Each structure stands twice: as structure tokens, then as C-alpha cells.
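First up is the structure itself, then whatever we jot down about it.
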Amino acid sequence: MKFNPVQLRINFSRLSIISIFWWFAAVYFVSSEYFNIVHFAKPLGINYKVEYNFSKQLFITMLFAFIAAFLLGAFEVFYLRDRLRKFSFGFILFLKSCFYIISMFLFITAASFLYQTIFTNKSFFDPRVIEGVKHHLFSELFFNQLISWSVVIIITNFVLQVSDKFGQGVLLNYLSGKYHEPKEEERVFMFLDLKSSTTIAEQLGHNKYFQFINEYFNDMTDPILFSRGEIYQYVGDEIVVSWQIKNGLADNNCINCFFKIKEAVENVGYKYKAKYGFVPEFKAGIHIGKAVAGEVGVIKKEIVFSGDVLNTAARIQTKCNEYGVKLLASEDLIAKLNFAPDYKAVEIGEVTLRGKQSPTRLYSIEKK
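Residues in the sequence shown are numbered consecutively from 639, following the working numbering.
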């Protein structure tokens, strides 16, 4: 399987977060166990088959937390996540939690074998080691470990699912309060609109059209993320994509995004043709400018962008049909891009956009 460099960065970022969180959890759990044994169990005369060694237990727990985070985390971000997108939030959370709790049971059991082996200096299959593991598996300590790690797993999955629901980076922005106060920043916005959406909706009917739109948006998601874009809004059959200025201009990401989406949809065109009788086409308008971002709402909070840049990008998109092109960009954006040999910008001319007094010079962007 071939991975995009940005895809790898996103996946490894998620994997790092899981690993760091689980490491901190491991230190906390072992420290708590040691504190409880020293200050509560021993004074009450509760003894363990094998003496609790803090340093060894910490080393083994940290080791297995790393292995579990790496293996289960890698399975999550590189394989499982994309294959469960079509299921509901609750079902995904339940399914993943059950899978990871069972996996953690096996990891804790393996860690117990390793601990007993190190402490007794015997082989894995020595009767004393097996007896120690059995004692651990039926002890209150094991029950507490399993419950504690189950909570960590559920929290991890919940945060990852909520992060996906909000959109890339949005949860972190909420937690950090980045946009709690309105903030002006320069951004690139792209409005992607499905062509002939009204006709398609009439042909498919409401339910099938909704199913189609869901698949269509799903196929567009990875190219957007791998181009370092942020899905700002879904508006009917339209997607609004936004980039921080450095991410949008770097490597022509905002332009690459459009053509990567086009390629992704064409690659699964057979699926759309067989299921719906057509392959979807879309058009887009891109513009750059300053927008004000901030949290709005009380019951349902959102991070909202406002400014002329959004209105202009939306109006540019509406001109695609008029000029028979699929991608239009403003002169302001073209001036800041370094076009790769693969692309060419064809000047359309000065166009008066609806609601604007001054004309905007537009360019059609095509692949060579």
C-alpha cells in the first residue's frame, strides 16, 4: 500500500498521541498500585505470591504500554479507521472498545508472564511462573489493571472519534481556546460544488441521493486531508475547504487538492457507474484573503469563519459553468502560487461577481 507523505504525517501524529497518553497512564497506574500496596495492603496484612517490585513493574508496564500503543495504534490509524467510516459513532466506539479491551487482556497476561519470569528467574513454562500468573489473573490487582486500561482505551477511542467528528484540528482548537476570542487570519478557501446536483437528486430520489452524497464526500476526504486542507463545512452537495496560508500555498496544495479529488473519484468511477448510473463531476472556485475566525453559539458551538474571502470564493465557483471550466481561481491567489510544470493558468479576464462592485480577474487552472 502506497502512502502519501502527508497521510503518513497525520497517521504518525495520531499514533504518537496514543503512545504518549498510554505511557503517562502506565506511570500513573504503576505508581498508584505501589502506593496502595505499601500504604494499604501491607498494613492490613495482605500478601502477594510474588513481591511487588516497583522498578521492574514500571519497566514492564511501560514496555508493554509502548508495544500495545504501537501495535493497536498502528492497526487503528493505518487500517481500521478508514474501514469503519460508514458506521455510526456509537457502533464504532463500542466495536473498537471491545476489540481493544480483549487485546489489552492478552497484553496484561503476557506482561504478567514476563514479570514472573524476570522476578523468579525461571522460564515461561516453569510451574512457579504459571502459578504466579494464575494468581495474578484471579487477583484484585489484575481486575483493577483491566478496568483502568479499559477506561484509558474508551477515552482514547472517544477522543479520536470526536476529533474525526469535529474535523482535523478543530477539537484541539476548542481545547486550547485558539478561537475563543475572534481572530483575523489569512486563509485560502475552496468551494467545491457537485455538477447537475438537482438533476441527480430527481433521478435518484431522496434516500439514494443521500447515500450517494455520503459516498461522494467519503471519497473526497482523503485527498483533502493529504493536501493539508481542513473541511470547513458541508453545505448540501457542496464542500467548503480551508487552508492556513502556509499549508495552502506550500507545494500548491490548494490546487493539487482539486486534481487529487478528481483522480480519486475517477479511480472509483466504475462503482458510481454500476450503482448510480453516472460518474460525479464537480467544479470549484478558489480565493485567498483575510477572514475572522471565532467560536459562536451557546447550545451548539462552532468555529466559524466570516469575511469577504468566503463570499468571493463562492461567487467564483458559480462562474465555472458560464465559462465551461472546472476550476477557477482569483488573481490574488495565482500571484502567490509557484505553478508546477504540470499546471497552467489560463486568463479568463475581469469578471464582475454578484454582490461585488469591483471586477475580479479570474484564471482557469488546467493540467498540462
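Just so it is clear, CB atoms sit at the ideal spot from N, CA and C, and this is done for glycine as well. These figures come from a predicted structure and were not determined experimentally.
C-beta atoms of residue i and residue j nearer than 8 Å
i, j, result
"V826", "L965", "no"
"A902", "P861", "yes"
"S944", "V963", "no"
"L893", "L975", "Checking the displayed sequence, the identity of residue 893 turns out to be Ile instead of Leu. It is a contact, given that the beta carbons lie within the stated cut-off."
"G932", "E819", "yes"
"S1002", "V989", "no"
"F850", "L842", "yes"
"F692", "Y666", "no"
"Y817", "I899", "no"
"R866", "N885", "yes"
Close beta carbons around residue i, own chain, < 7 Å, minus the five adjacent residues each side
i, result
"A978", "N890"
"K1005", "F897, D980, Y981"
"G728", "none"
"F751", "F762, V767, V771"
"K911", "V917"
Rounded C-alpha distance that separates residue i from residue j
i, j, result
"R992", "F829", "16 Å"
"S761", "K724", "47 Å"
"F713", "F650", "12 Å"
"F916", "S835", "12 Å"
"I746", "K913", "46 Å"
"Q799", "S996", "44 Å"
"L744", "A706", "10 Å"
"E919", "D831", "9 Å"
"I730", "S657", "21 Å"
"N795", "K957", "43 Å"
"I954", "I926", "12 Å"
"Q882", "F704", "33 Å"
"F757", "G770", "10 Å"
"R999", "K939", "36 Å"
"V878", "I793", "30 Å"
"M700", "K846", "49 Å"
"K833", "S880", "21 Å"
"R652", "K928", "30 Å"
"F716", "T859", "15 Å"
"M639", "N759", "For M639, the predicted structure reports a pLDDT of 47, less than 50, and the residue's modelled location is therefore unreliable. A value from the coordinates is still provided. The straight-line gap from Cα to Cα measures roughly 43 Å."
"P994", "L709", "Position check: residue 994 holds Lys in this sequence, whereas Pro was assumed. Taking the straight line from one Cα to the other gives about 55 Å."
Close Cβ partners of residue i (< 6 Å) along its chain, the five nearest in sequence each way excluded
i, result
"V790", "A663"
"W660", "A703, A707"
"G923", "F829, A951, I954, Q955, L966"
"V688", "Its pLDDT being 48, under 50, V688 is placed unreliably by the model, and the measurement read from it follows with that caveat. So the list reads F757, G770, once near-sequence residues are dropped."
"V668", "Q695, L696, T699"
"L682", "No answer about L682 holds up, because its pLDDT of 49 lies below 50 and its placement is not dependable."
Residue i Cβ short of 7 Å to the ligand NAP heavy atom set
i, result
"Q754", "Absent from the structure shown: the ligand NAP. Ligands present: none."
Beta-carbon proximity list for residue i, same chain, < 8 Å, skipping 5 on both sides
i, result
"C895", "M828, P861, I862, S865, G867, V879"
Worksheet item: Where are the beta strand (DSSP E) runs, 3 residues long or more, that stay fully inside the region 904 to 963, in chain order?
Response: 920 to 934, 940 to 944
Worksheet item: Hey, is the region 779 to 789 in contact with the region 735 to 743, meaning 3+ C-beta pairs nearer than 8 Å?
Response: yes
Practice prompt. Enumerate, from N- to C-terminal direction, the unbroken beta strand (DSSP E) stretches of 3 or more residues contained entirely within the region 828 to 876.
Written response: 868 to 873
Discussion item. Under 8 Å, with one C-beta from each stretch per pair, do the region 870 to 886 and the region 904 to 913 reach the 3-pair mark?
Written reply: no
Worksheet item: Does the region 727 to 736 come within contact of the region 769 to 777, defined as at least 3 CB pairs closer than 8 Å?
Response: no
Worksheet item: Taking the runs of the beta strand (DSSP E) that are 3 residues or longer, which of them lie wholly in the region 974 to 1003?
Response: 981 to 989
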